[in-house]
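Q: Would you mind keeping the following structure in view while I ask a few things?
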Amino acid sequence: MLNIEIQKTLQGSIGTMELDVKLSIQEHDFVAISGASGSGKTTLLRILAGLEEAQGEIEVGGEIWLSKKTALAPQKRGLGFVFQDYALFANMSVEENLLFAAKDKTLAKHLLQITELEELAHRLPNTLSGGQKQRVSLCRAFMRRPKVLLMDEPLSALDPLMRTKLQHDILTLHKEFGTTTIMVSHDPSEIYRLANRVIELHQGKIIQDASPKEVLLKTQGSQKFSLTGELLEILKTDVIYIAIVAIGQQIVEVVIDEEEVLRFEVGERVQVSTKAFSPSLSKI
Amino acid sequence: MNEILAKVTAIESCDNLSVLALHANGHNMRLMALGLNFPLKVGSEVLLGVKSSNISLATSIQAEISISNQLSCSIESLEMGALLCSVRLRFGNVLLRSVITKASALSMQLQERDPLIALIKASDLSIIKIIDETKR
């Protein structure tokens, strides 16, 4: 069990902001922390890692990491940290990077096997792809068999295919090592695949704490296929009306009734919803 | 979106899937939905929604058909376009709209005040909102 109760005043882009988080996390949980940039996600992770100071208490499995009297050094916290930018030692081979964290050749071999990196053990980081580097960084984080794994947007720099591969590796290692994992992420598919709980921060406070499906699934009544967009135009065709709506980078058309035309104004934000039974999927 | 006020008379669920039995204007209705994660119970009043293009029309039904919702209506008005026909239907105290092809409207010889059966599949019917008893 992780018990976190911390406060810290941060200098944000819109003035000062109070990071004020009270949170309990069960052992072996996989928690995603989401929220807009500047909401305090990364700072929270760095405070947990001991890389930043804060007021309050952090207790992990009966061990005090932070209190009024003590602040346990980062290397004594028994945690692993995976950064967005890999943070590997450029002058050390893949294997040496792992052994630098802990001198356990058997474990290093095992981790490289799981992540299919065995053949790259003697390569230097700058000869690897982004996905390979991040897998090395993930393996290194597990070398000390961490009780707690912290990841700060670990997959945001990778292409979709490599993300899927790494999501699989992360989940395999999380389960095998029985780690409690806390990951900062913006990506809904990543959160849905990996996490069993999502904490959403807004200006330093928790505004949502629920399962990924509860947080991510936008619904409108019983309509489970719901997207937000901007109404661009309403056209009359024959006896029907067609609303043109911009959603993300795309434009969609929705047939509406005469009565509905009067209810909407071009330029306003609208929700496009239909039942989960109606849309169909096809390969691109 | 057409709106129909209805009362929930039964709820059957299997995993994430639910089928609701409803009652509206003297008609039994059925609705199919995924994950009804809002507080719905037998006796709840709900506002149902259905798109005009999802309402089919029949002058009479001889055979057994799988469409769960068969509502007796009468034609209030007809608007004939170049290709499509928009039919205003009276269903008890509510007006519904069905958009069908002009060819269908012509072959059915639809006229104002004709009695008709409006057909809606259970999966095309959605819940717009639950009418909160305390706010009525």
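In order, the protein sequence lines correspond to chains A and B.
Each residue of the first sequence is one higher than the one before, counting from 65 in this note's numbering.
Each residue of the second sequence is one higher than the one before, counting from 89 in this note's numbering.
Glycine residues also receive a C-beta, built at the ideal position from the N, C-alpha and C atoms.
It should be emphasised that the depicted structure is a prediction, and the values quoted were computed from it without experimental measurement.
1. Would you kindly work out how many angstroms separate the C-alpha atoms of Glu164/B and Leu204/B, rounded to a whole number?
2. Rank Ile263/A, Ala340/A, Ile304/A and Glu297/A by C-alpha distance to the C-alpha of Gly331/A and give the top, closest one.
3. Cα separation between Ser346/A and Leu291/A?
4. Could you check what DSSP says for Leu119/B in three-state terms: helix, strand or coil?
5. With DSSP as the reference, please indicate the residues paired to Cys161/B in a beta bridge.
6. Check the Cβ-Cβ distances between Ala170/B and every residue of chain A, and say whether any is below 9 Å.
7. Could you give the residue range of the alpha helix (DSSP H) that holds His232/A?
8. Please state the DSSP three-state secondary structure of Asn190/A.
9. On the premise that Ser275/A lies in contact with Arg261/A, defined as a C-beta separation below 8 Å, what is that separation, rounded to the nearest angstrom?
10. Smallest Cα separation from Thr134/A: which of Tyr150/A, Gly114/A and Phe145/A?
11. Can you grab the Cα-Cα spacing for the pair Ile155/B / Ala210/B, in whole Å?
12. Let's test the definition: count the other Cβ atoms within 10 Å of the Cβ of Glu117/A and tell me whether it reaches 16, buried, or not, exposed.
13. Going along chain B, which residues have a C-beta under 9 Å from Asp321/A?
14. Can you give me the C-alpha to C-alpha distance between Pro189/A and Gln196/A, rounded to a whole angstrom?
15. Do Arg185/B and Glu317/A have their beta-carbon atoms positioned less than 9 Å apart in this structure?
16. Can you name the start and end residues of the beta strand (DSSP E) that Glu264/A belongs to?
17. Quick one: what does DSSP say Ser98/A is sitting in, helix, strand or coil?
18. Enumerate in chain order the residues of its own chain whose CB-to-CB distance from Val124/A is below 7 Å, with the five nearest sequence positions on each side excluded.
19. Looking at the secondary structure, which residues open and close the beta strand (DSSP E) in which Leu105/B lies?
20. Give a yes or no on whether the minimum CB-CB distance between Phe341/A and chain B is below 9 Å.
21. Should the region 93–100 of chain A be called in touch with the region 142–156 of chain A, which here means at least 3 C-beta pairs below 8 Å?
A: In this structure, then:
1. 11 Å
2. Glu297/A
3. 19 Å
4. strand
5. Leu204/B
6. yes
7. Pro224 to Glu240
8. helix
9. 7 Å
10. Gly114/A
11. 7 Å
12. exposed
13. Met89, Asn90, Lys139, Ser140, Ser174, Arg185 and Val187
14. 9 Å
15. no
16. Arg261 to His266
17. strand
18. Leu66, Lys211 and Val212
19. Leu105 to Ala112
20. yes
21. no
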